[in-house]
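Asks: Last residue of the sequence shown: 293 (the numbering used here), numbering continuous. Quick one: structure below, then a few questions.
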Amino acid sequence: MNEQPATPTPAPEGAPGLSSGPVKGPSNAGPRTLAIDIGGTGLKASVLDDKGAMLVDRVRIPTTYPLAPQALIDALRTLVAPLPAYDRIAAGFPGMVRGGRVLSAPHFVTQDGPGTRIVPLLVAAWSGYDLAAALEKELGKPARVANDADLQGGAVVKGEGLEVVITLGTGLGTAVYHEGHLAPHIELAHHPFRKGQTYDEQVGDAARRRVGKKKWNNRVREAVRNIDTLLLFDHLYVGGGNTVHLDIDLGPKATIVDNSAGITGGLRLWDLPPVAGV
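Quick look at the structure:
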């Protein structure tokens with residue numbers, strides 16, 4: 016378990032839809048933010064100007080398993096090394112985070128990734144891990160850490176009514192905003208959904224690959240209906256890498272958002288006062 020694969024060299028990654036490349040005339044009026052999107056299949060990062068525009072293309076390396084906390088920090092150091100200078104850090108993490116500390120890391124406590132056996136030593140290592148402090152120590156800048164869906168929501172919500180963000184990736188991420196204010200994070204992904212399984216187990220990437228596109232789309236539709244019944248949202252934003260596989264109408268209250276929001280939401284994390292879960 017202690018042996019880690021060599022960390023790949025980060026490569027630039029373009030994003031479909033919204034431009035992820037350098038912007039003309041970047042703003043130099045305020046602090047620059049290193050935004051990191053920690054995912055179950057990939058680690059991505061870029062640097063944002065004070066308006067939230069990416070100064071350079073996102074860089075990406077694959078997430079490797081098993082992944083102990085220090086191995087993640089080592090990988091992130093390699094990931095961000097080619098990026099321009101920054102003043103602060105915002106990171107989105109796929110699990111429950113409170114006060115910069117990890118309360119749950121469902122992907123990273125497994126031997127070979129989601130769906131494989133859970134390693135007790137990794138559970139212990141991640142429980143209460145102060146990821147914000149570790150990033151500050153390693154990279155030398157102040158850091159804030161939030162759940163990855165919470166971070167993505169900061170880039171897309173309009174601040175009108177109850178807005179919900181779900182991310183379709185390795186698992187299912189959720190975030191709730193009311194009148195533009197981030198609510199304490201809820202781990203809906205691990206609640207029972209259907210047939211005795213959780214949302215993660217039914218609509219995560221492993222399930223999509225196993226049951227096929229049609230059944231997976233039907234499950235996503237049912238999940239959205241359940242979430243609407245639970246929260247009566249005014250608007251829903253659907254992001255994450257697996258949105259490319261959606262071919263259903265999720266209704267007039269739903270908007271598909273670009274996956275680059277997982278990076279650009281980093282600026283909002285510093286605009287908002289710290290809340291439970293950040």
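Cβ coordinates follow ideal geometry from the N, Cα and C atoms, glycine included. Here the structure is a predicted model, which is why all the values come from computation and not from measurement.
1. Which same chain residues end up closer than 6 Å to phenylalanine 208 when comparing Cβ atoms and leaving out the 5 residues on each side of it in sequence?
2. Since glycine 54 contacts proline 109 with CB under 8 Å, what's their CB separation in whole angstroms?
3. What does a CB cutoff of less than 6 Å around threonine 189 pick up in its chain, not counting 5 residues either side in sequence?
4. Measure the C-alpha to C-alpha separation of serine 34 and valine 74 and round it to an integer number of angstroms.
5. If you follow the alpha helix (DSSP H) that alanine 140 is in, where does it begin and where does it stop?
6. Taking the alpha carbon of glycine 174 as the reference point, which residue from Tyr192, Gly186, Pro157 and Ala158 has its own alpha carbon closest?
7. My assumption, with CB atoms under 8 Å, is that proline 157 sits in contact with arginine 92. Please give the rounded CB distance.
8. Return yes when the Cβ of histidine 205 is within less than 8 Å of the Cβ of proline 267, no when it is not.
9. On the three-state DSSP scale, how would you describe aspartate 178?
10. DSSP puts methionine 69 in a beta bridge; with which residues?
11. Which residue's Cα is closest to the Cα of asparagine 232: Asp249, Leu265, Ile201 and Leu246?
12. Excluding sequence positions up to five away, which residues of its chain have a Cβ less than 8 Å from the Cβ of asparagine 257?
13. Let me know the secondary structure DSSP gives leucine 247 once reduced to three states.
14. In angstroms with no decimal places, state the Cα-to-Cα distance between isoleucine 88 and leucine 63.
15. Return helix, strand or coil for threonine 270, following the three-state DSSP convention.
16. Cα separation between proline 84 and threonine 244?
17. Using 10 angstroms around the beta-carbon of glutamate 18, count the other beta-carbons present and answer buried if the total reaches 16, otherwise exposed.
18. Identify whether serine 275 lies in helix, strand or coil by the three-state DSSP scheme.
19. By Cβ distance, which residues of its chain are closer than 7 Å to leucine 82, with the 5 residues on each side in sequence left out?
20. Can you list, in chain order, the residues of its chain whose CB lies under 7 Å from that of leucine 101, leaving out five sequence neighbours each side?
21. Quick one: Cα of glycine 6 to Cα of glycine 45, how far?
22. Applying the criterion that 16 or more other CB atoms from any shown protein chain within 10 Å of the CB defines a buried residue, is serine 142 buried or exposed?
23. Should valine 160 and alanine 90 be called a contact, given that it needs their Cβ atoms to be closer than 8 Å?
24. Are there 16 or more other CB atoms within 10 angstroms of the CB of lysine 210, so buried, or fewer, so exposed?
25. Taking all protein chains shown into account, decide if histidine 196 is buried (16 or more other Cβ within 10 angstroms of its Cβ) or exposed.
26. Proline 77 and threonine 56: beta carbons closer than 8 Å?
27. How long is the line joining the alpha carbons of lysine 66 and leucine 282, rounded to whole angstroms?
Replies: This is what the structure gives:
1. Tyr214 and Gln217
2. 6 Å
3. Ala164, Ile181 and Leu203
4. Because serine 34 sits at a pLDDT of 35, beneath the cut-off of 50, its placement in the model cannot be relied upon, and the point is left open.
5. 135 to 141
6. Tyr192
7. Proline 157 to arginine 92, Cβ: 17 Å. No contact.
8. no
9. It should be pointed out that residue 178 corresponds to glutamate in this sequence rather than to aspartate. Three-state result, glutamate 178: strand.
10. Leu63
11. Leu265
12. Leu183, Gly184, Asp220 and Arg223
13. coil
14. 21 Å
15. strand
16. 37 Å
17. With a pLDDT of 39 at glutamate 18, under the threshold of 50, the modelled position of this residue cannot be trusted; read the value that follows with caution. It is exposed - the Cβ of glutamate 18 has fewer than 16 other Cβ atoms within 10 Å.
18. coil
19. Phe123
20. Per the sequence presented here, residue 101 reads as tyrosine, with leucine not at that position. Hits under 7 Å: Arg47, Thr48, Leu49, Val62 and Lys156.
21. This structure does not reach residue 6, given that the chain is present from 16 up to 293, and the question cannot be answered.
22. exposed
23. no
24. exposed
25. exposed
26. yes
27. 8 Å
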